[in-house]
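Enquirer: Note that full-length UniProt numbering has the sequence shown beginning at 1, numbered continuously upward.
By construction, the Cβ of each residue, glycine as well, lies at the ideal position given by its N, Cα and C atoms.
No experiment lies behind these values; they were computed from the predicted model shown.
This is the structure I want to talk about, given as structure tokens.
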Amino acid sequence: MTTPAAAAAAPSVNANGKAMTWTLLADGPSGTVQVGGGPLSNAYQGDTATTTALPLLCLRIDGRPAPAGITPGFYAGWARGTVAATGPIRGTRLTGRAVADAVCANNFGAGWRMAEFHDGKYGPDLQNSGGWSFWAYGDVPLGTRFWTAIDDQPANPWN
1 MTTPAAAAAA
11 PSVNANGKAM
21 TWTLLADGPS
31 GTVQVGGGPL
41 SNAYQGDTAT
51 TTALPLLCLR
61 IDGRPAPAGI
71 TPGFYAGWAR
81 GTVAATGPIR
91 GTRLTGRAVA
101 DAVCANNFGA
111 GWRMAEFHDG
121 KYGPDLQNSG
131 GWSFWAYGDV
141 PLGTRFWTAI
151 DDQPANPWN
């Protein structure tokens, strides 16, 4: 079995040395959790030194509908799947999105990838993308920050 560190490439050099992190915001109905940045997150420049070892927030989208009690919206969409957290890995080991996705797949199996800021969907048929947090099935540790990707800002460990 491959460990998260073994799946990662040589360390990257992040321009400002920081990347965005998320955390568990709430437990919800039917085994769901809300994950998001909270007040400590910086989606534009990153909030945590990439030399820090943190778990990756991983997501497997399987198209599940939101359970009763979850009303997806822009700031708290529905991710249509399950989240999980890896063991800690230094952000400098995450040299690209493909490397981060491989860490998730190596830990949890095919179809798993690094969660992204805009994974929460809302609106008719969940066709709109939101941001800042999302709901999904799963169980992640309380009081822990997670490396989380953002596609439209330079706040990833590899930027």
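Kindly indicate if chain B contains any beta-carbon less than 7 Å away from that of R113.
Expert: As a matter of chain content, chain B is missing from the structure shown, which is built from one protein chain.
Enquirer: Please classify A136: does DSSP put it in a helix, a strand, or coil?
Expert: As a first step, residue 136 is located in the sequence shown; it is residue number 136 there, counting from the start. Looking at A136 - three-state DSSP - the assignment turns out to be strand.
Enquirer: Which runs of the beta strand (DSSP E), 3 residues or longer, sit entirely within the region 18-79?
Expert: Here the runs fully enclosed are 21-27, 32-36, 57-61.
Enquirer: Identify every residue that forms a DSSP beta bridge with W147.
Expert: Translated into positions along the sequence shown, residue 147 becomes position 147. Bridge partners of W147: T21, L56.
Enquirer: Over the uninterrupted alpha helix (DSSP H) stretch that includes N107, give me the two end residues.
Expert: Within the sequence shown, residue 107 is the residue found at index 107, counting from 1. First-last of the alpha helix (DSSP H) with N107: 97-108.
Enquirer: Which residue's Cα is closest to the Cα of W135: N107, M20, V35?
Expert: For the purposes of this step, residue 135 is taken as residue 135 along the sequence shown, with counting starting at 1. If we check each option's Cα against that of W135, V35 comes out closest.
Enquirer: Figure out for me which residue from N42, V140, N128 has the closest Cα to the Cα of P72.
Expert: Within the sequence shown, the letter at position 72 stands for residue 72. Residue N128 is the option with its Cα nearest to P72.
Enquirer: Please classify N156 as buried or exposed, where buried requires at least 16 neighbouring CB atoms within 10 angstroms.
Expert: The sequence position of residue 156 within the sequence shown is 156, counting from 1. Buried, since its Cβ has 16 or more Cβ neighbours within 10 Å.
Enquirer: At the level of alpha carbons, what is the spacing between V99 and A68?
Expert: Mapped onto the sequence shown, residue 99 falls at position 99. Mapped onto the sequence shown, residue 68 falls at position 68. So the alpha carbons of these two residues sit roughly 35 Å apart.
Enquirer: Could you tell me which residues DSSP puts in a beta bridge with R113?
Expert: Your numbering for residue 113 matches position 113 in the sequence shown. DSSP lists L59 as partners of R113.
Enquirer: In this structure, does DSSP put G120 in helix, strand or coil?
Expert: Position 120 of the sequence shown holds residue 120. Three-state DSSP puts G120 in coil, outside helix and strand.
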